[in-house]
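Number of protein chains: 4
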Amino acid sequence: MYTLAFDPARPLDLVLLGRAAIDFNPVDYFQTLVESTTFKKYLGGSPANIAVGLSRLGKKCGFFCRVSDDRFGEYVVSEFEREGVDTSRVRPCANGEKLGLTFTEILSRDESSILMYRKNIADLALEPGDIDEAYIASAKALLISGTSLAQSPSREAALKAVALAQKTATPIIFDIDYRPYNWVSADEIALYYARVAQAADVILGSREEYDLTEALLDLPGSDKATSAYWQGKNAKIVVIKHGKKGSTAWVGDESYSIKPFPVQALKSFGGGDGYASAFLYGLLEGWPLMDCLELGSASASLLVGAHGCSCFMPTLDEVRKYIAKCKAEYGEMVARF
Amino acid sequence: MYTLAFDPARPLDLVLLGRAAIDFNPVDYFQTLVESTTFKKYLGGSPANIAVGLSRLGKKCGFFCRVSDDRFGEYVVSEFEREGVDTSRVRPCANGEKLGLTFTEILSRDESSILMYRKNIADLALEPGDIDEAYIASAKALLISGTSLAQSPSREAALKAVALAQKTATPIIFDIDYRPYNWVSADEIALYYARVAQAADVILGSREEYDLTEALLDLPGSDKATSAYWQGKNAKIVVIKHGKKGSTAWVGDESYSIKPFPVQALKSFGGGDGYASAFLYGLLEGWPLMDCLELGSASASLLVGAHGCSCFMPTLDEVRKYIAKCKAEYGEMVARF
Amino acid sequence: MYTLAFDPARPLDLVLLGRAAIDFNPVDYFQTLVESTTFKKYLGGSPANIAVGLSRLGKKCGFFCRVSDDRFGEYVVSEFEREGVDTSRVRPCANGEKLGLTFTEILSRDESSILMYRKNIADLALEPGDIDEAYIASAKALLISGTSLAQSPSREAALKAVALAQKTATPIIFDIDYRPYNWVSADEIALYYARVAQAADVILGSREEYDLTEALLDLPGSDKATSAYWQGKNAKIVVIKHGKKGSTAWVGDESYSIKPFPVQALKSFGGGDGYASAFLYGLLEGWPLMDCLELGSASASLLVGAHGCSCFMPTLDEVRKYIAKCKAEYGEMVARF
Amino acid sequence: MYTLAFDPARPLDLVLLGRAAIDFNPVDYFQTLVESTTFKKYLGGSPANIAVGLSRLGKKCGFFCRVSDDRFGEYVVSEFEREGVDTSRVRPCANGEKLGLTFTEILSRDESSILMYRKNIADLALEPGDIDEAYIASAKALLISGTSLAQSPSREAALKAVALAQKTATPIIFDIDYRPYNWVSADEIALYYARVAQAADVILGSREEYDLTEALLDLPGSDKATSAYWQGKNAKIVVIKHGKKGSTAWVGDESYSIKPFPVQALKSFGGGDGYASAFLYGLLEGWPLMDCLELGSASASLLVGAHGCSCFMPTLDEVRKYIAKCKAEYGEMVARF
């Protein structure tokens, strides 16, 4: 069994560090962005989605980020407040940086792409000076979203948060969350991902994301080797995702696998954030790993069927009802191997 | 009477230089952008709107601009083509510049504001190398939108277009079109506005815009002095706008004034582009100035009552019917002093 | 005869705008910079040299420029003060910009090249806000060095100085002074050179520099056409230099030519600044053009034989003695055609 | 005793990563840079000096760096070649970056300061792509100069070299070498210094440099705690310098201290590079630590009495004669406590 000690005396369940953004999803989907005429606005950005997801499941989250000093920045703060996420470390930018925008093109249930506005962007303006030890020490765990490492000064803010988490004995969760935007080379990706991975207690990533992380190491690229290597550093749990084939959590030499729940997807994204928030909920509750994975997989399925991300995050009751419904229909072992 | 010689042998009626952008206007208006949830996407950017307006009135326009190398850039090209604007000089950007975005906040019929994405922006990536003499020499006139002067290399592209228009005896129309974004100082505004104004045959601007243009000159800031000064350079017609009080066109010592048509405005912007396109239509047709002004004023009124700009530009028949309707209701002299 | 009205009531003879820099000239010349081991430090930068030259000839100069906020900036100020140049408009940079450095490689009497440090450079940090009308109005003339136009914000500072010179009826001298560094395209060069040239009362340049200036105009590239075109704008005197073949000043249809004085050159640069300062001295004194040219040519010859530039600028007595000596040796018409 | 395994089969004794630059030292010193008129040009930059020092002592060094694509870059390559440093990884910059320049102001034997040109600089243009595993694997050790961490992409090049040294079992020497230029915050310094320090086998730094390195750690700032902490990571030897009071090398709980040799200093810099090269020579030879320290201290004393750095690096015979001379004059225990 895994051993992760969350200090029950700490008031926040999780502090996340990374981007909050706005998703504009077309109402008239299944065509290109050239043709789409009408868009819905949603709070987005992977760690923002995870924070909202965990809040809806009943956990208290805080968030280190910078937002634009305009209505869109106000929108992020207002959404976080509505969802119960602490916004004391969500600060406006000083130099006119803008909130990241994501325009989604949903061509079919399998094909979607995104058009991103991510230059001169608010979230990557997070500074080391924004990161304070007291806030990290008030949380049971710290989650670093890998995209925050793509550029200075956000990169150094994230590395400082890692250093202060180590100093304050705060478990570190590393969600690799690779996005090609903003990175300048594969070497940079490998250097900074590996830096945070070797300090992390829990790592979440796809096979491709681990390959990027391990590019300067002498590893064969197998799940077993990946799991062993990072556990040889500081990791207690190594989760490796394989898309529609499911995902596996490694603890020592043992592995626990889960499959996706049966679902009619509307779009091919959003599942990862549902997965992460529900899986981390289970960990914070001290659940057995298989139960954490099952909750994660069910939440993922709910998300890929929804039009947006953060505002479709389910409550615990909703995921549980969904699991029960699936089990009634497909058998107790739905999702489990 | 004014004397503007448009060469009838030239195939294009007008080449415009400046920005094309996307407007996102909220469907759920009369609230802030924090609350608005649903947005309509429209082709925008003042000179793009004017080009569409003139096309709908039956004139053939060309356009010098750069657009993003993505779906939004494709959208601009596809809208221009649908409207009959020549896109042979509309080119994709090479360095990831993005199309400008304008999110409109319509708080009431009188109060609206905009949230702009205009950093690292496609239209200001227009380069001197994009401007060719042959295309300018193929047009009856060249319109420079003042916003193109805000930043290099677009600034030099615009100045080169002015130089080539002078070389090819192409009349120059300067639409001052002041936007605070991207400019770094009042001195820069004054220097570059005055540079183009002194080469222009027709100048269109508000009193405030002329004040910016004349900041380094020894002028009293009166309409009479403004008109005299620029006619002392190269101007044949100097149009000075005074918002809801109407506008005046000066030719020599004579002035011609028009008032707005009676209208229930939905928003406080968009009128200027309707005005410019219809006024220029009249000029290109060789109409008497008062008729040009009347058509401009009527088109402006139609636009402020519409949800967007470019795609609500009227045909000649529509403006004429609107004028006739207003005259039937309010008298022949509606809008005229 | 030329007509240039210098207001005798104005206390400063000339205000110059442009760069001050440091030249490091090798003591162990006639080898490459790889081998040279020892360097002499001199005040440099073409307009700084001209200011020192005019001062030594007895004229009072002022200078608009920015220098580095370090010992090298102090050095410029201290040299200017030692030479009697007014330094009230010589200001330190605020953002760590450094003074331009020029390392000279003198391979032979004919071949020299330079290695320049001109990125993030102090002189191009001159801002429009540095330029005040009162100072320009206190000078008999304004000299714009073309290199100041290469980059913002120095470019706009120069254009503002031109605008304020026009406003205060201050004659403008344009020394084209082309250097390839910092410029980004031939179109930019043509646009900004032509802008200042059309406002200038006196223009100084080589044939190549006029070709750059006229690239967007419809001119044949002959001296006669060049002279006529710019006199058709605002120029009273157009000086065109042809290197070792001498130079010609045009006034109306008349031209006045001078040859170089016989000289054993040490290096192939520096002559132009000696020429400009002595020629302008003559103009400010109201001399006949041929006498201005003779003084200029003699000063040029003195400079190409010296190890540095500014600190080898001659006094009036020294140039006159040199001219007398040459005439004694080579005949009264030495240098004159 | 320390245990550092250098693979005798590897052809290069040391590969260094960091800056090569040019020092201009005034011949007419003991005055400010305003007054100094004549300068000598020397190869400079701390790791370049160390490479030359080690070469003169008989070791074969390689060097990862970028130099300017001009005569000064050629000069660096030619100096390295003259000294026997391998230049196969010394590459010219592609984007006009210039070699760093250091102008030294020697006010007195105790007071000196420097004026640096370090913007848009060649050495910080070193890229991760410049670093190859084979070259590192061909060297007995890798030295990282801390200044290379100040800015991207040199920062990532250094981190990649560290990663590849770990992969190829190449001992890492970290010379903290703090220079305030180019760094943007104390947090950045702490993050990147600590990153390399925890991978290093040998660390060289002053007390102040260790304080910067440990700013985000929970350490008391004593030499004993510093030494213990880094040995708890990967360090075998921790050298802490205390300026004129001498320096101490820690191995386990044991410490070895050395004092400066008696010397009449000409300037207050340069000693560190003499120290490092001679100390590392001893290590590479497998000498007892006290002998390494003695050689380092003697070389340091020779350097502070010289006009430049790299070209005054002593041979083994010269240091030994100097030590012998000092011992004859001051006793066998000169420099030893």
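Chains as they are written, first to last, in the numbering used here: chain A, 10 to 346; chain B, 10 to 346; chain C, 10 to 346; chain D, 10 to 346. Just so you know, even glycine gets a beta-carbon here, dropped at the ideal spot from N, CA and C. Predicted model only: the values in this text are computed from it and were never measured.
Return the first residue and the last residue of the alpha helix (DSSP H) that residue 287 (chain B) is part of.
It spans 280 to 294 - the alpha helix (DSSP H) in which residue 287 (chain B) sits, taken as one unbroken run.
Whole-Å CB distance - residue 288 (chain A) paired with residue 344 (chain A), under 8 Å assumed
Taking a contact as a CB-CB distance under 8 Å, the pair residue 288 (chain A) and residue 344 (chain A) does not count as one, their CB atoms being some 13 Å apart.
Give me the Cα-Cα distance between residue 142 (chain B) and residue 130 (chain D), rounded to the nearest whole angstrom.
Taking the straight line from one Cα to the other gives about 40 Å.
Report the three-state DSSP secondary structure of residue 198 (chain A) (helix, strand or coil).
It is helical.
Residue 17 (chain D): which of D:195, D:146, D:154 and D:28 sits nearest, CA to CA?
Answer by Cα proximity: D:146.
Selection from A:64, A:203 and A:279 that minimises the alpha carbon distance to residue 252 (chain A)
When only C-alpha atoms are compared, the closest one is A:279.
Kindly list, in the order they appear in chain D, the residues whose Cβ is closer than 8 Å to that of residue 137 (chain A).
The answer, in chain order, is 194, 196, 197 and 200.
Can you list, in chain order, the residues of its chain with a C-beta nearer than 7 Å to that of residue 175 (chain B)? Leave out the 5 residues immediately preceding and following it.
Around residue 175 (chain B): 208.
Residue(s) in a DSSP beta bridge with residue 125 (chain D):
Under the DSSP definition of a beta bridge, residue 125 (chain D) partners with D:111.
Range of the contiguous beta strand (DSSP E) that encloses residue 423 (chain B):
The displayed coordinates of chain B run from 10 to 346. Any statement about residue 423 (chain B) would go beyond what the structure contains.
Can you pull the DSSP bridge partners for residue 320 (chain C)?
In the DSSP output, where bridge partners are listed per residue, residue 320 (chain C) has none listed.
Which value, in whole angstroms, describes the spacing of the CA atoms of residue 211 (chain A) and residue 158 (chain A)?
When rounded, the distance between both Cα atoms is 17 Å.
Skipping 5 residues on each side, what residues in its chain have a beta carbon closer than 8 Å to that of residue 277 (chain B)?
So the list reads 118, 119, 120, 121 and 313, once near-sequence residues are dropped.
Neighbourhood of residue 234 (chain D) by C-beta distance below 6 Å, restricted to the same chain and skipping five residues each side:
Result list for residue 234 (chain D): 228, in chain order.
Could you tell me the alpha carbon to alpha carbon distance between residue 101 (chain C) and residue 85 (chain C), rounded to whole angstroms?
In a straight line, the C-alpha of residue 101 (chain C) is about 11 Å away from that of residue 85 (chain C).
Run down chain D in chain order and give the residues with a C-beta less than 7 Å from the C-beta of residue 79 (chain C).
Correct list: 124.
Would you mind reading off the limits of the beta strand (DSSP E) that contains residue 32 (chain D)?
Residues 30 to 35.
How about residue 110 (chain D) and residue 126 (chain D): do their beta carbons lie closer than 8 Å?
Against a cut-off of 8 Å, the Cβ pair of residue 126 (chain D) and residue 110 (chain D) comes out as a contact.
Count the other CB atoms within 10 Å of the CB of residue 46 (chain D); is the residue buried (16 or more) or exposed (fewer)?
Per the 10 Å Cβ criterion, exposed.
Does any residue of chain B have a CB that is nearer than 8 Å to the CB of residue 142 (chain A)?
Cβ-Cβ to chain B under 8 Å: no for residue 142 (chain A).
Between which two residues does the alpha helix (DSSP H) harbouring residue 5 (chain A) extend?
The structure shown does not extend to residue 5 (chain A), since chain A is modelled only from 10 through 346, so no value can be given for it.
Residue 11 (chain A) lies in the alpha helix (DSSP H); which residues open and close that run?
Counting along the chain, residue 11 (chain A) sits inside no alpha helix (DSSP H), nor does DSSP assign it H or E at all.
How long is the line joining the alpha carbons of residue 216 (chain B) and residue 108 (chain B), rounded to whole angstroms?
So the alpha carbons of these two residues sit roughly 30 Å apart.
Name the chain A residues that come within less than 9 Å of residue 204 (chain D), Cβ to Cβ?
Near residue 204 (chain D) (Cβ distances below 9 Å), the residues of chain A are 168 and 204.
Cut-off 6 Å between Cβ atoms - residues of its own chain near residue 223 (chain A), not counting five sequence neighbours on either side
Nothing listed; no residue qualifies.
Can you tell me whether residue 273 (chain B) is buried or exposed? The criterion is at least 16 other CB atoms within 10 Å of its CB, across all chains shown.
With fewer than 16 Cβ atoms within 10 Å of its Cβ, residue 273 (chain B) is classed as exposed.
Thinking C-beta only, is residue 152 (chain A) closer than 8 Å to residue 25 (chain A)?
Between residue 25 (chain A) and residue 152 (chain A), the C-beta spacing is below 8 Å.
Amino acids of chain C, ordered along the chain, whose beta-carbon sits closer than 9 Å to that of residue 76 (chain D):
For the C-beta of residue 76 (chain D), not a single chain C residue is nearer than 9 Å; the gap to the nearest is close to 12 Å.
Closer than 8 Å by beta-carbon distance: list the chain A residues that pair up with residue 227 (chain D), in chain order.
Simply 176.
Mind listing the chain B neighbours of residue 165 (chain C)? Cutoff is C-beta to C-beta under 9 Å, in chain order.
Chain B residues near residue 165 (chain C): 193, 194, 196, 197, 200 and 201.
Specify, as a first and last residue, the run of the alpha helix (DSSP H) that residue 332 (chain B) falls within.
Counting along the chain, the alpha helix (DSSP H) containing residue 332 (chain B) begins and ends at 325 to 339.
Tell me the DSSP secondary structure of residue 230 (chain A) in three-state form.
Residue state, collapsed to three classes: coil.
With distances taken between CB atoms, is the gap from residue 55 (chain A) to residue 154 (chain A) smaller than 8 Å?
Yes. Within cutoff.
For the candidate residues C:51, C:156 and C:77, whose alpha-carbon lies nearest to that of residue 356 (chain C)?
For chain C, the structure presents residues 10 to 346; residue 356 (chain C) sits outside this window and is missing.
Of the residues B:191, B:267 and B:206, which one's Cα is nearest the Cα of residue 181 (chain B)?
Selected option, being the one with the closest Cα: B:206.
Reduced DSSP category for residue 205 (chain A) - H, G, I as helix; E, B as strand; rest coil:
Of the three classes helix, strand and coil, the one that applies to residue 205 (chain A) here is helix, per DSSP.
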